[in-house]
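Worksheet: the structure to be examined is printed underneath.
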Amino acid sequence: ATQGNLNNHIGVPLTLLAMNKETELGIVEMGANHLGEIKILSEIAEPDYGYITNFGKAHLEGFGSIEGVVQGKTELYKFLKKNNKKLFVNANDPKQLTNSQGIERITFGTPQSDFDIKLLDSTHYLLLEFKEIQIQSNLVGAYNFANLSAAIAIGAYFNVSPEKIKAGIEGYIPSNNRSQLVLKGTNNVLMDAYNANPTSMMAALENFKQANGENKIMFLGDMFELGKEAETEHQNIVDFLAENPFGSVFLVGSNFFKTTNNAAHIKQFETFDELKTALESNLPKNATILIKASRGMALERILDVI
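Numbering-wise (our numbering), the sequence shown opens with residue 1 and increments by one.
Here's what the structure looks like:
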């Protein structure tokens, strides 16, 4: 399987070269931020099966628009269709259903799908059910349900037993600032600072809105690689937070700093040092905290402040 972020025109061949005669199944991540990249990577990897996690607003700078994202990612679909291969599809995602017409599909995401995975609880860690077996994950956020469902469906399709699937998911502990729950002093912190785009940011905010806790605080940093959409997308986030006051908000970064904001519960800082100075005189206590930003913001530094 792909190690780390080896998902480009160099990483994909390295992943393939790491396989040998004993390899039964290879999982190859293919990343892209421009049109044509997935097409080339598909021709290199020649996959028998494919799955696209989502069509979110990531890498808009390179793709140009959400339509460009869809066009770029569906280059995998075109390869699979042309070569009579198979595709895993989240049947609860209209974009996946619409764009995968004419390809042999293996579905999950709805009770009518080939694989029926149920979400039993998302108030804390996600609790799922598959084949009447409950699976207690260590992941937070309802948005992770699709990721877990895909893992379960793909594993089950390749004859991994429900018991082994349960053990694999329950044994996975998130790291690297991805959907981590961290206890920092008297504060419960949802650390999701590995990366961010408008789609994942909104998903994180919608989930945090439903989270338990009377004293909610959000530390949100700039979203990168949005190109000409940067101003609009950052303003959309601020407008959502202004219209849905479910906690105190600290925004950091040049893009968020330039947005228009009249809400008293939203504070804007151009640099991390400015945010740090403001926090040091008013440290949060007994708070439920969300930290979300693009990787370049390194917003996990907040843990050293609070």
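Backbone N, C-alpha and C fix where the C-beta goes; we use that ideal spot for every residue, glycine too.
Every value quoted in this text rests on a predicted model; they were computed, and no experiment measured them.
On a Cα-Cα basis, can you pick out the residue from the options that is closest to residue i?
i, options, result
"Leu126", "Leu181, Asp114 and Ser100", "Leu181"
"Gly311", "Thr271, Met218, Gly227 and Leu251", "As shown, the chain starts at 1 and ends at 306. That puts residue 311 outside it, with no answer to give."
"Phe240", "Glu274, Asp121 and Thr199", "Thr199"
"Gly141", "Glu206, Ile40, Tyr157 and Asn7", "Glu206"
"Asn83", "Ile40, Gln101 and Asp48", "Asp48"
"Glu129", "Asn138, Gln3 and Ser149", "Ser149"
"Glu280", "Leu303, Thr2, Asn261 and Leu41", "Leu303"
Residues in the same chain with beta-carbon distance under 7 Å from residue i, minus the five sequence neighbours each way, listed in chain order, please.
i, result
"Ile103", "Tyr77, Leu80, Lys81 and Leu87"
"Pro13", "Ile44"
"Asn244", "Lys209"
"Asn8", "Gly31"
Using a Cβ-Cβ cutoff of less than 8 Å, which residues in the same chain neighbour residue i once the five nearest sequence positions on both sides are dropped?
i, result
"Gly155", "Lys164, Ile165 and Gly168"
"Gly36", "Gly72 and Glu75"
"Ala146", "Thr53, Asn54, Asn90, Asn92, Asp93 and Gly109"
"Val69", "Phe55, Gly56, Lys57, Ala58, His59, Leu60 and Phe63"
Under 7 Å between the Cβ atoms of residue i and residue j?
i, j, result
"Asn187", "Ile289", "yes"
"Met297", "Asp192", "no"
"Lys95", "Phe55", "yes"
"His59", "Glu225", "yes"
"Gln268", "Leu251", "yes"
"Asn286", "Asn176", "no"
"Gly247", "Met218", "yes"
"Glu229", "Ser254", "no"
How is residue i classed by DSSP in three states: helix, strand or coil?
i, result
"Val140", "strand"
"Gly36", "coil"
"Leu279", "helix"
"Gln134", "strand"
"Phe219", "strand"
"Asp304", "helix"
"Gln180", "strand"
"Lys85", "coil"
"Gln268", "strand"
"Val189", "strand"
So, for residue i: in the same chain, excluding its five sequence neighbours on each side, which residues have a beta-carbon less than 6 Å away from its beta-carbon?
i, result
"Thr259", "His234, Gln235 and Val238"
"Asp114", "Ile106 and Thr107"
"Lys131", "Pro162"
"Ser122", "Ala142"
Whole angstroms are fine: how far does the CA of residue j sit from the CA of residue i?
i, j, result
"Ser179", "Gly185", "19 Å"
"Ile27", "Asn99", "22 Å"
"Ala18", "Ile152", "25 Å"
"Val305", "Ala196", "21 Å"
"Thr23", "Asn159", "16 Å"
"Gly50", "Ala91", "15 Å"
"Ala211", "His124", "8 Å"
"Leu6", "Leu139", "23 Å"
"Ile135", "Gln112", "20 Å"
"Gly4", "Glu29", "10 Å"
"Val249", "Ser65", "28 Å"
"Leu275", "Leu41", "41 Å"
"Ala264", "Ala242", "9 Å"
Would you say residue i faces chain B, with C-beta separation under 7 Å as the test?
i, result
"Ser161", "Chain labels in this structure do not include chain B; a single protein chain is all it has."
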